[in-house]
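S.K.: Quick note, our numbering runs 19 ahead of the 1-based positions in the sequence shown.
Can you keep this structure in mind? I'll have questions shortly.
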Amino acid sequence: MAKSPQRVKRAERGYADLRDHIEALERAGLLVRVRREINKDTEMHPLVRWQYRGGLPEKDWRGFLFEKVTDVSGRRYDIPVGVGIMAGSKYICAVGINCRPEEIAAKWEHAFRNAIAPVLVKSGAVQEVIQKGEELERGEGVLQFPIPISTPGFDGAPFITAGHWVTKDPQTGIRNMGNYRGHVKAKDRVGIFCSPGQHILNHWNQCKERKMPLEAAIVVGPPPVVSYAAVQKVPYGVDELAVAGGLAGEPIRLVKCQTVDLEVPADAEIVIEGRLSTEFVEPEGPFGESHGYMHPRMLSPYLEISCITRKRNPILVSWTSQVTPSESSIIKRVGYEPLFLSFLKKDLGIKSVLKVAMHEPLTNLRNVVVIQMKKPTEAESWRALTAAAAFHPGVGKFLVAVDEDIDPWDMDMVMWAITFRSTPHRDVQILKGRERWHGPPFNREDQPAETRAADESALLINAILRQPFPPVSLPKREYMERAKAIWEELGLAPLSPKPPWYGYSLGDWDEELEEEARLAVQGKYLRNGEKLKGRRVKA
């Protein structure tokens with residue numbers, strides 16, 4: 020349970036803020052500075068989108084910092100925009116979490132189990148400029164920021180895509196921070212889409228019952244660890260800012276908001292304060308969402324802005340969403356997978372679970388979950404599958420259990436396992452009674468109610484070997500390695516070995532067959548032929 024942060028006289032920050040992170044990306048060769056003019060409404064997101072739709076491997080995906088931003092009216096902004104700088108790839112995430120890519124899962128597991136409560140400080144850079152009251156009314160409000168159009172040609176407005184909404188449970192005071200899209204509707208009004216099951220909607224519904232607005236603050240450009248924590252599916256009552264502290268290894272510094280009773284990261288770039296009306300809702304959207312389709316217009320709450328605070332020279336952060344992979348899916352993936360692994364392996368004690376992979380391209384990582392296991396019993400396989408399907412209502416439409424020789428992130432291998440290691444009538448179960456989550460087809464009348472009909476289901480596939488199989492039909496490892504050396508000696512195109520790239524035993528292979536294969540590569544295969552001749556039988 021989150022508690023109010025303890026006020027301290029002075030708290031030094033040891034973790035990186037956004038500026039430190041940008042410098043680290045540049046040192047790592049993961050940042051592209053775009054110094055030519057870029058139109059935020061028609062060019063910015065499409066340019067970054069090409070790294071995901073242009074056939075580039077993930078190692079070539081970059082964060083972009085746009086330094087000369089314009090809009091369709093010709094306006095020039097003096098605020099740079101970062102796209103892809105928080106989670107443009109797992110390598111960028113590793114820089115933000117301050118670890119190597121292969122250490123991300125362990126870093127997350129540690130953070131989930133060793134959360135550190137934030138601390139309250141008297142002042143912070145995010146409040147170097149404060150716009151409220153008459154100054155807010157006279158100024159441009161949220162329109163001062165070069166907020167991009169994410170899906171030009173389909174979106175009806177710019178959307179804040181990297182906005183972390185901070186609210187509190189009106190009864191308990193427990194804080195929640197989550198990333199929700201913000202539909203820019205006026206200089207002092209931003210819509211929000213919070214689907215059923217989201218914790219902020221729980222807060223909104225409670226305030227609605229009390230006939231009071233819900234206070235909220237939108238945080239943009241906080242220290243990277245805060246952004247990584249904001250998107251994770253932690254249980255209700257767990258403070259995401261404490262999880263961020265676990266990632267940082269120290270408390271996150273917070274300051275009190277100016278016009279609402281909330282605390283926000285002191286080192287963020289921008290904070291937008293206000294109140295979500297619970298008396299009225301209005302149409303929100305459409306918006307290109309991570310399920311790969313345009314999310315339709317629905318009735319949703321809206322924020323009436325009461326104050327904007329920012330650094331003197333802020334940087335706006337924007338995330339790509341829409342068809343996956345995108346920044347919004349990558350930033351979730353690096354935390355979701357360790358969270359699910361920890362749940363199955365540590366919380367439920369299923370020791371045979373090795374890895375959890377969430378398929379990302381096009382399917383939006385929530386829907387296809389693959390669990391790699393080492394010699395599980397049949398009961399363990401089904402327990403892992405059903406538990407993963409139940410962990411969060413929005414995750415797990417197709418779930419597959421595979422053996423340790425199957426790379427769970429390689430869908431070719433997963434389909435190979437499904438095809439030959441499962442029998443549909445025996446190894447498939449359908450769980451009914453689930454609620455429909457994020458994706459089409461849409462029920463446009465279901466907002467803002469928090470209940471949905473239980474008209475969805477989950478498909479569980481047990482693709483674990485039930486009996487010994489013959490070896491994988493590729494040359495043994497030593498022969499493939501020798502051939503690879505010859506390939507390279509010939510100066511042929513560079514290889515990137517893709518499992519399975521050599522043959523290995525799966526239990527159904529005896530000493531006689533092993534000996535015959537050994538004789539064959541010694542040129543003594545005729546001995547095998549002579550032996551087989553002695554085993555002739557009448558046809």
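Note that beta-carbon positions come from the ideal geometry of N, C-alpha and C, so glycine has one too.
The structure presented is a predicted model; accordingly, all values stated were derived computationally and were not measured.
On the criterion of 16 or more Cβ atoms from any shown chain inside 10 Å, does W338 qualify as buried, or is it exposed?
M.R.: For the purposes of this step, residue 338 is identified with residue 319 of the sequence shown, where counting begins at 1. With 16 or more other Cβ atoms within 10 Å, it is buried.
S.K.: Determine, using beta-carbon pairs with one atom in the segment 120-135 and one in the segment 258-266, whether at least three such pairs fall under 8 Å.
M.R.: Output reads yes: the segment 258-266 touches the segment 120-135.
S.K.: In the structure shown, what three-state DSSP assignment does C226 receive?
M.R.: Taking the first residue of the sequence shown as position 1, residue 226 is located at position 207. C226 falls in the helix class under three-state DSSP.
S.K.: Given a threshold of 16 other Cβ atoms within 10 Å of its Cβ, counted over all protein chains shown, does E234 qualify as buried or as exposed?
M.R.: Locating residue 234 in the sequence shown gives position 215, where the first residue counts as 1. By the neighbour-count rule (16 or more Cβ atoms within 10 Å), E234 is buried.
S.K.: Just reading off the beta strand (DSSP E) that F417 is part of, what are its end residues?
M.R.: Working through the sequence shown from its first residue, we reach residue 417 at position 398. Segment 417-421, the beta strand (DSSP E) holding F417.
S.K.: Could you tell me if H444 is buried or exposed, where buried requires 16 or more neighbouring beta carbons within 10 angstroms of its beta carbon?
M.R.: Taking the sequence shown and counting its residues from 1, one reaches residue 444 at position 425. The residue is exposed, with fewer than 16 neighbouring Cβ atoms inside 10 Å.
S.K.: Is W69 buried or exposed, if buried means 16 or more other CB atoms sit within 10 Å of its CB?
M.R.: For the purposes of this step, residue 69 is taken as the residue at position 50 of the sequence shown. When all chains shown are included, W69 counts as exposed.
S.K.: According to DSSP, is T89 part of a helix, a strand, or is it coil?
M.R.: To locate residue 89, count along the sequence shown from 1; it is residue 70. It is a strand residue.
S.K.: Going by C-alpha to C-alpha distance, which of K393, L367, S345 sits closest to E379?
M.R.: Taking the sequence shown and counting its residues from 1, one reaches residue 379 at position 360. With distances taken between Cα atoms, E379 lies closest to S345.
S.K.: Alpha carbon to alpha carbon, what distance is there between A558 and K2?
M.R.: This structure gives no information on residue 2, because the portion of the chain shown stretches from 20 to 558.
S.K.: For L310, which beta-bridge partners are listed by DSSP?
M.R.: Mapped onto the sequence shown, residue 310 falls at position 291. With the sequence shown as reference, residue 310 is identified as His, and Leu is not the correct amino acid for it. Paired residue(s): none; H310 is not in a bridge.
S.K.: Let me know if L381 comes out buried or exposed under the rule of 16 or more other beta-carbons within 10 Å of its beta-carbon.
M.R.: To locate residue 381, count along the sequence shown from 1; it is residue 362. With fewer than 16 other Cβ atoms within 10 Å, it is exposed.
S.K.: Taking all protein chains shown into account, do 16 or more other C-beta atoms lie within 10 angstroms of the C-beta of I123, making it buried, or fewer, making it exposed?
M.R.: As a working mapping, residue 123 is identified with position 104 in the sequence shown. Classification for I123: buried.
S.K.: To which residues of the same chain is C112 closer than 6 Å at the C-beta, ignoring the five residues directly before and after it?
M.R.: On the sequence shown, residue 112 is found 93 positions in, with the first residue counted as 1. These residues qualify, in order along the chain: A106, V353.
S.K.: With DSSP as the reference, label T170 as helix, strand or coil.
M.R.: Taking the first residue of the sequence shown as 1, we reach residue 170 at position 151. Correct three-state label for T170: coil.
S.K.: Relative to the alpha-carbon of L139, which residue among L360, K330, P120, L260 has its alpha-carbon at the smallest distance?
M.R.: For this step, residue 139 is matched to residue 120 along the sequence shown. If we check each option's Cα against that of L139, L260 comes out closest.
S.K.: Out of L384, I57, G73, which has the shortest C-alpha to C-alpha gap to I98?
M.R.: Walking along the sequence shown from the start, residue 98 turns up at place 79. Comparing Cα-Cα distances from I98 to each of L384, I57, G73, the minimum goes to I57.
S.K.: Taking a contact to mean a Cβ-Cβ separation below 7 Å, would you say P412 touches G160 in this structure?
M.R.: Taking the sequence shown and counting its residues from 1, one reaches residue 412 at position 393. Taking the sequence shown and counting its residues from 1, one reaches residue 160 at position 141. No, the pair does not count as a contact, with Cβ atoms beyond the cut-off.
S.K.: Tell me V560's beta-bridge partners as DSSP assigns them.
M.R.: Nothing can be reported for residue 560, as the shown portion of the chain is limited to 20 through 558.
S.K.: Let me know the secondary structure DSSP gives M499 once reduced to three states.
M.R.: Taking the sequence shown and counting its residues from 1, one reaches residue 499 at position 480. In this structure, M499 counts as helix in the three-state DSSP scheme.
S.K.: Compute every distance between the C-beta of F131 and the non-hydrogen atoms of the ligand ADP, then say whether any falls below 6 Å.
M.R.: Questions concerning the ligand ADP fall outside what the structure shown contains, since it holds no ligand whatsoever.
S.K.: Going straight from the alpha carbon of K517 to that of E475, what length do you get?
M.R.: As a working mapping, residue 517 is identified with position 498 in the sequence shown. As a working mapping, residue 475 is identified with position 456 in the sequence shown. If you take the alpha carbons of K517 and E475, they lie about 35 Å apart.
S.K.: In the DSSP assignment, the alpha helix (DSSP H) including Y544 goes from what residue to what residue?
M.R.: Working through the sequence shown from its first residue, we reach residue 544 at position 525. Note, Y544: alpha helix (DSSP H), 544-552.
S.K.: Below 7 Å between beta carbons: does that hold for P320 and L295?
M.R.: As a first step, residue 320 must be located in the sequence shown, where it is residue number 301. As a first step, residue 295 must be located in the sequence shown, where it is residue number 276. Yes; because the gap between Cβ atoms is below 7 Å, this pair is in contact.
S.K.: Determine contact between the segment 479-489 and the segment 431-446, defined as no fewer than three beta-carbon pairs at a distance below 8 Å.
M.R.: The segment 479-489 vs the segment 431-446: in contact.
S.K.: If you draw a straight line from the alpha carbon of G256 to that of M231, how long is it in whole angstroms?
M.R.: Within the sequence shown, numbered from 1, the residue matching residue 256 stands at position 237. Within the sequence shown, numbered from 1, the residue matching residue 231 stands at position 212. When rounded, the distance between both Cα atoms is 21 Å.
S.K.: Would you list the one or two residues that DSSP bridges to P427?
M.R.: In the sequence shown, counting from the first residue as 1, residue 427 sits at position 408. Note: P427 sits in no beta bridge, so no partner.
S.K.: From T191 to G33, what distance separates their C-alpha atoms?
M.R.: In the sequence shown, counting from the first residue as 1, residue 191 sits at position 172. In the sequence shown, counting from the first residue as 1, residue 33 sits at position 14. Computed Cα separation, rounded: 31 Å.
S.K.: Kindly list the residues whose CB is nearer than 8 Å to the CB of A468, restricted to its own chain and excluding five residues on each side of it in sequence; keep chain order.
M.R.: By 1-based counting over the sequence shown, the position of residue 468 is 449. Caution applies to A468, whose pLDDT of 42 falls short of 50 and renders its modelled position unreliable; the value that the coordinates give is listed next. Within the same chain, A468 has close Cβ partners P215.
S.K.: Would you say I289 lies against chain C (beta-carbon separation less than 7 Å)?
M.R.: Annotation note: the requested chain C is absent from the structure, which comprises a single protein chain.
S.K.: Can you tell me which residues form a DSSP beta bridge with E288?
M.R.: Position 269 of the sequence shown, counted from the first residue, corresponds to residue 288. Partner(s): none; E288 has no beta bridge.
S.K.: Once the 5 residues before and after I349 are set aside, which same chain residues still bring their CB inside 6 Å of it?
M.R.: Residue mapping note: residue 349 aligns to position 330 of the sequence shown, counting from 1. Excluding positions up to five away in sequence, the list reads A106.
S.K.: Taking 7 Å as the cut-off, decide whether the C-beta atoms of V185 and L281 are in contact.
M.R.: Counting from one through the sequence shown, the residue named residue 185 turns up at place 166. Counting from one through the sequence shown, the residue named residue 281 turns up at place 262. For V185 and L281, yes; Cβs fall inside 7 Å.
S.K.: Does L266 come out as helix, strand or coil in the three-state DSSP assignment?
M.R.: In the sequence shown, counting from the first residue as 1, residue 266 sits at position 247. Helix, per DSSP.
S.K.: Rounded to the nearest angstrom, what separates P302 and R316 at their Cα positions?
M.R.: Indexing the sequence shown from 1 puts residue 302 at position 283. Indexing the sequence shown from 1 puts residue 316 at position 297. Approximately 6 Å between the Cα atoms of the pair.
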